[in-house]
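In the working numbering, the protein residues as written are 2 to 283.
Spelled out as structure tokens, the structure:
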């Protein structure tokens with residue numbers, strides 16, 4: 002009898018653990034797909050459209066899946082690195098040519114999908130870079146796709162980006178070989194205090210090598226390679242720890258949550274990675 006009771010209790014504990022894990026996963030998925038409660042906003046720390054100096058065409062797509070059975074409305078706004086409205090989204094109206102706008106409202110049918118594309122006012126002669134805010138009151142899942150097409154209109158690379166919630170700290174893999182490797186876009190969203198962001202390079206042995214800092218006002222964003230954040234780092238393999246603090250009060254617990262978008266670039270080939278939670282500190 003004791004053996005049966007023990008197995009029964011063990012089974013109950015296992016089922017309870019599974020339910021707790023499933024509940025955590027559901028809550029995490031809701032946060033990832035529907036934004037933070039109240040704000041319902043996603044932030045994409047890097048979007049761009051246009052042509053580089055040798056004719057390669059860069060573009061950004063933002064795709065949506067409606068997770069509810071009713072129509073969902075999504076508002077996309079694009080901004081420059083300095084936080085000013087930037088016309089970078091394609092708007093298609095009946096019987097008119099596509100035009101570039103800084104704000105676009107998209108209606109998505111229940112359980113349906115939608116796709117928006119980037120477009121700047123001079124797509125053939127300029128490469129405009131900025132960031133995007135996606136706002137919705139419904140459960141919607143966004144996905145960002147970066148594409149590079151060469152002058153012969155051949156696809157060079159396409160990279161899918163999963164939009165993650167804003168965070169105050171994160172860890173990610175880092176690699177630097179000459180002028181290629183890991184690039185990181187950082188955004189301090191509107192509504193935050195000024196942010197001082199630290200980037201700490203940690204070697205494969207777990208030892209800290211170098212730390213650099215960058216300050217971002219609300220609405221400001223930057224995107225750089227590791228060698229630009231840390232000019233003296235040299236070739237590097239390891240990880241990068243990112244943390245944000247209140248720039249005007251670094252000892253405050255009021256740490257502004259920031260958007261982080263890491264990419265690995267080798268020439269024109271892009272690959273993506275997702276940040277991890279920050280390391281445990283002693």
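We treat Cβ as the ideally placed atom computed from N, Cα and C, and that holds for glycine.
Would you decide whether residue i is buried or exposed? Buried here means 16 or more other CB atoms lie within 10 Å of its CB.
| i | result |
| --- | --- |
| residue 104 | exposed |
| residue 117 | buried |
| residue 129 | buried |
| residue 112 | exposed |
| residue 1 | Outside the modelled stretch of the chain, which goes from 2 to 283, sits residue 1, for which no answer is possible. |
| residue 6 | For residue 6, the predicted model reports a pLDDT of 46, less than 50, meaning its position is unreliable; a value from the coordinates is still stated below. Classification for residue 6: exposed. |
| residue 134 | buried |
| residue 125 | exposed |
Give me whichever residues DSSP pairs with residue i in a beta bridge.
| i | result |
| --- | --- |
| residue 250 | Paired residue(s): none; residue 250 is not in a bridge. |
| residue 148 | 60 and 159 |
| residue 271 | 266 |
| residue 67 | 141 |
| residue 233 | Partner(s): none; residue 233 has no beta bridge. |
| residue 106 | 76 |
| residue 164 | Answer by DSSP bridge pairing: none, since residue 164 is not bridged. |
| residue 182 | 177 and 266 |
| residue 83 | Paired residues: none, contrary to the question. |
| residue 239 | 175 and 204 |
| residue 216 | 197 |
| residue 100 | 92 |
| residue 127 | Looking at the DSSP assignment, residue 127 forms no beta bridge with any residue, so it has no partner. |
| residue 211 | 202 |
Select from the options the residue whose C-alpha is nearest the C-alpha of residue i.
| i | options | result |
| --- | --- | --- |
| residue 73 | 132, 136 and 83 | 136 |
| residue 275 | 138, 173, 204 and 90 | 173 |
| residue 224 | 60, 83, 164 and 75 | 83 |
| residue 161 | 238, 65, 95 and 109 | 65 |
| residue 163 | 179, 146, 170 and 175 | 146 |
| residue 100 | 142, 272, 189 and 120 | 120 |
| residue 230 | 221, 261 and 185 | 185 |
| residue 158 | 166, 199 and 149 | 149 |
| residue 249 | 168, 60, 196 and 189 | 196 |
DSSP state of residue i, grouped into three classes?
| i | result |
| --- | --- |
| residue 43 | strand |
| residue 277 | strand |
| residue 227 | helix |
| residue 244 | strand |
| residue 55 | coil |
| residue 89 | coil |
| residue 153 | coil |
| residue 187 | strand |
I think residue i touches residue j, with their Cβ atoms under 8 Å apart; what is that distance to the nearest whole Å?
| i | j | result |
| --- | --- | --- |
| residue 90 | residue 77 | 6 Å |
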